Amino acid sequence: MSEPLLKVQNLRIELSLRDGIAPVIDDLSFELGAGESISFVGESGCGKSMTALGIMGLLPEKVGRIASGTITFDGEELTTVTQKRLRAIRGNEISMIFQEPMTSLNPVYTVGEQIAEVLRAHQGLSKSAAWNCAIELLDAVRIPNARRRVSDYPFQMSGGQRQRVMIAIALACEPKILIADEPTTALDVTVQAEIFDLLNELKRQTGTAIIMITHDMGAVAEMAERMIVMYAGRNAEQGPVEQIIDHPRHPYTKGLISCVPHIMATLNDERYELTEIAGIVPPLREFGQDRCLFASRCNMVSQKCLDKRPPEAIFGDGQRAACWHAGAI
Amino acid sequence: MATLQSLLTRIVYAVILLVAVLVLNFSMMHLAPGDVADTISQSMGGADQEILDQIRADYGLDQPFLVQLGSYMGKVLRFDLGYSFFYNTPVTQLILQRLPATLLLVFTAQILALFIGVILGVISARKPNGIASHFVTILALFGYSAPVFWTGILLLIGFSLNIQLFPVAGMRDVTIEGGFWVHFVDIARHLVLPVVTLGSIFLALYSRLARATMMEVLGSDYVRTAKAKGLSEREVVYKHALKNSLSPVITLAGLQFSAVISGAVLVEAVFSWPGLGTLAFQSIIARDTPTILGILFFSALVVIIGNLLTDIALRFVDPRVGGKR
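Residue numbers (this note's numbering), protein chains in the order written: chain A, 1 to 329; chain B, 330 to 654.
What follows is the structure, encoded as C-alpha cells:
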C-alpha cells in the first residue's frame, strides 16, 4: 500500500490557559488517502477545529502549539517545516473553508479580488488572467451572472453565495486537500443541501480529498467515506461511515447516532429511540487526565473507566474504538 | 451614479449648514454687549453720545436686527465679508492673506498625525506587549492630558532656546534670500514646532484608536481566511487588516477637524504664527466684529469641507458606505 496523502500520528496540541496547559488534542492518529473524504464528528469543544488549524499551521499565536506527534503531508513533515514553505502549501495544496461565511470574507474587497489574489500568490497568474479565472470559478460554484457578480462586494451577497465564494477561493488552486470546518452550520437547510451537492460534485471533478468537520451525522453520511468521532480532544472511534453507523463500538458514537433519527438507510429499519446524551463536554482543564473522559456521561461506566484511559480496541476494516467496553457494544 | 447623487445631497446639506452657521454667528455677535462704536470711542479717549450715534449710523449699526442680518447675508453671498475697522482692510482680503498659513499648519499637523498615528497603531497592535505598544500608551496619555500651549512653550524652551535647532516664532525669515527651495526649507523649519505641538494631541488620539481597531481586525474571521490563503504576513496585515481598521480612524479625524482649528488658535498664539488664529485672537480683543464673523465663517467652511472630504475618503476605504446598493 502506498503512503497516504496525509498521515497524522500521535498528534498532541496544547493550549496555554490561565490555569495551566490543556491538551486540546491528545494522541490523535489518522490517515487520509488521495481523493478520499473523511469526517470529524463531535460536539463543540471536542477539538475538531483545532485539528484543522493544526494541520494548516494556524493555531492561535502564543496560545496554541503542537507539543508532539507528526503531520506528514505528501511525504513532507508539516510540524517542522518553515513558515515560508507552510505559506506556499496553505491555500495552494491544502485549503480551508470556515464556519462563518458572513464574516470570513473581507468586507472591503470585491469577491473577484479575493479569489484572484490566491491565484496570483500561488500560481503566479497575471492580474487579468487571475480575474478571468475568478469569473470561471464563480461560475463553477454556480453563482449566476458570474461575470457581473465578480465585482460585487461580500455585503451584496447572501450567506449561501458567500460560502460558495469561499469554496471558490479554497478550490482556486486545485488543492490536494480541502478542509471544510462546519461549512453549512450557519446556513439554511435547503442551502446546506446545495452546498453539499456542490462539494461532492467538485470533489468528483478535481479529485480533492476532503476533511469535513461537522456535528451533523446526516452530513457525515452524505459526504464521507470514513469518519472520526472526537471526544474531549481524543479519538473516540474511527472507521468506515456505514460500518460505524451500522454498529458503533463507542457509547458516545452510539449516543450521537441516536440523536439523529433520519439517517437510517430505509424507512422499514428499526429505529433507535431518539435520545439525548445527558451532560456536557468536560471543561478544558480536565482534558488529558488518565481516565475515560466520557465516563461521566456514559451509562456503561465501570471503575476501570475512572482509573485508566481506555486503549483503542481494533475491529475489522480499520474500525477502532477507545472504550473499555467496546467489545460488549 | 448613485455615488454622485448622494455626494450632491451631501453638498446641498453642507450649504444649508453653512447658512445656519452664518445666521447663528451673526446673532451671537449681535447679542454680545459692546460694539465697534465703543471700541473706536475708547481709542479716541472717549466720545459723547452724538459721536457714538454718528459712528453707528455710518456703519449701519442703528438699523433693526433683521435688516442688518439681511444685508450681511447678501454681502456674504457676494463674498464680501465687510470692512475691518481695526485693520482698515476688507475682511475677505485680510482672511485670505492669513488663511494659507493656517491651512498649512492644520493640514500638515492633521495628515502627519493620521499617518504616524496609524503606523504606530499597526506596529503596536501586532505586538501588544512590545516596546512600541507601551510607547503608544505613554504618548497617548501625555498627548491627551498636556495642554497645547504648555507643550508649545516647553518645545520652544527646549528646541529654540536651549538647543537652537528651530526658529522661535513666525513663519519665515525675512532676511533670507534665495530660490524656491531656500524658502521651502525656511518655512519647513518654522513649521516643525507648531506642527509637533498641534499634532501631538491628535497623534495620541489616532494611534490609540488605530491600535484598538487593528487588534480587533487582526482577530477577525477574514484575517484568518487571508492567512489560510497562504498570503504573506505583509499582505495579511497591510492589505486585508489595515484597510478595514482605517474607517474608524478617518471618521474620528473628520470629527476632530473643528478641534484642530480651535487648537490652531492657541498654537498660533504661542508661536506667533501669522494665521487665522492670531487674527481671531487680535480681533476679539479689538471687538472687530466683521473680522470675527469672517473668521467664524471661514472656519465653519473649513470644517464643513473637511467633513465632506472625510465622507469621500470613507467611500474609498469602505464600499459599504453610501453609494452602491
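Here a beta-carbon is modelled for each residue, glycine too, at the ideal position from N, C-alpha and C. Here the structure is a predicted model, which means the values were calculated and not measured.
- prompt: By how many angstroms is the C-alpha of Ile94(A) removed from the C-alpha of Leu643(B)?
  reply: 36 Å
Rounded distance between the beta-carbons of Arg249(A) and Gln319(A), thought under 8 Å: 6 Å
- prompt: Using 8 Å as the limit for Cβ to Cβ distance, is Gly559(B) near chain A?
  reply: yes
- prompt: Which residues, in order along the stretch 144-165 of chain A, keep a beta-carbon less than 8 Å from a beta-carbon of chain B?
  reply: Tyr153, Phe155 and Gln156
message: Per the DSSP calculation, Pro419(B) is bridged to which residue(s)?
response: Tyr412(B)
task: Classify Arg285(A) as buried or exposed, calling it buried when 16 or more other Cβ atoms lie within 10 Å of its own Cβ.
output: exposed
message: Between the alpha carbons of Leu637(B) and Leu584(B), how many angstroms are there, rounded?
response: 11 Å
query: Does the beta-carbon of Pro429(B) have 16 or more other beta-carbons within 10 angstroms, so that it is buried, or is it exposed?
result: exposed
query: When the Cα of Val552(B) is compared with those of Arg540(B), His519(B), Asn573(B) and Val514(B), which residue comes out closest?
result: Asn573(B)
message: Short of 6 Å in beta carbon distance, which residues of its chain neighbour Tyr412(B), apart from the five on each side in sequence? Order them along the chain.
response: Pro419
query: How far does the alpha helix (DSSP H) with Asp19(A) in it reach, from first residue to last?
result: Taken as a continuous stretch (DSSP letters only), Asp19(A) belongs to no alpha helix (DSSP H), as it is neither H nor E.
task: Would you list the residues sitting across from Tyr252(A) in a DSSP beta bridge?
output: Answer is none; Tyr252(A) lacks a bridge partner.
- request: With a threshold of 16 other CB atoms inside 10 Å of the CB of Asp197(A), please say whether the residue is buried or exposed.
  value: exposed
message: Please report whether the beta-carbon of Asp640(B) lies at a distance below 8 Å from any beta-carbon of chain A.
response: no
- request: Would you mind working out which of Phe287(A), Thr253(A), Asp317(A) and Thr275(A) sits nearest Cys323(A), comparing C-alpha positions?
  value: Thr253(A)
task: Go to Phe40(A), then tell me how far its beta strand (DSSP E) extends in each direction, as first and last residue.
output: Ser37 to Val41
field: Arg553(B): contacting residues in chain A (beta-carbon distance under 8 Å)
entry: Leu58, Phe98 and Ser104
Per-residue contacts from Pro648(B) into chain A (C-beta, under 7 Å): Val108 and Tyr153
Contact check, Phe30(A) vs Gln289(A), beta carbons under 8 Å: no
- prompt: So what does DSSP say about Gly316(A), is it helix, strand or coil?
  reply: helix
task: Ignore the nearest five residues each way along the sequence and tell me which others in Leu78(A)'s own chain have a CB closer than 6 Å to its CB.
output: Ile71
query: Can you round the beta-carbon distance between Leu53(A) and Ile177(A) to whole angstroms, since I take them to be within the 8 Å contact cut?
result: About 14 Å separates the two Cβ atoms, so there is no contact after all.
- request: Classify Pro107(A) as helix, strand or coil using the three-state DSSP reduction.
  value: coil
- prompt: Between the stretch 118-135 of chain A and chain B, which residues of the former have CB atoms less than 8 Å from a CB of the latter, in chain order?
  reply: Val118, Ala121 and His122
message: Do Gly604(B) and Arg427(B) count as a contact pair if the criterion is CB distance below 8 Å?
response: yes
Helix, strand or coil at Met402(B) [DSSP, three-state]: helix
message: Using only the alpha-carbon positions, how far apart do Ile602(B) and Val447(B) sit?
response: A quick correction: the sequence has Trp, not Ile, at residue 602(B). Approximately 28 Å between the Cα atoms of the pair.
task: Sort Asn235(A), Thr206(A), Arg226(A) and Leu256(A) by Cα distance to Gln243(A) and report the nearest one.
output: Arg226(A)
task: Whole angstroms is fine: what's the gap from Ser356(B)'s alpha carbon to Ala376(B)'s?
output: 27 Å
query: If you draw a straight line from the alpha carbon of Asp26(A) to that of Glu76(A), how long is it in whole angstroms?
result: 22 Å
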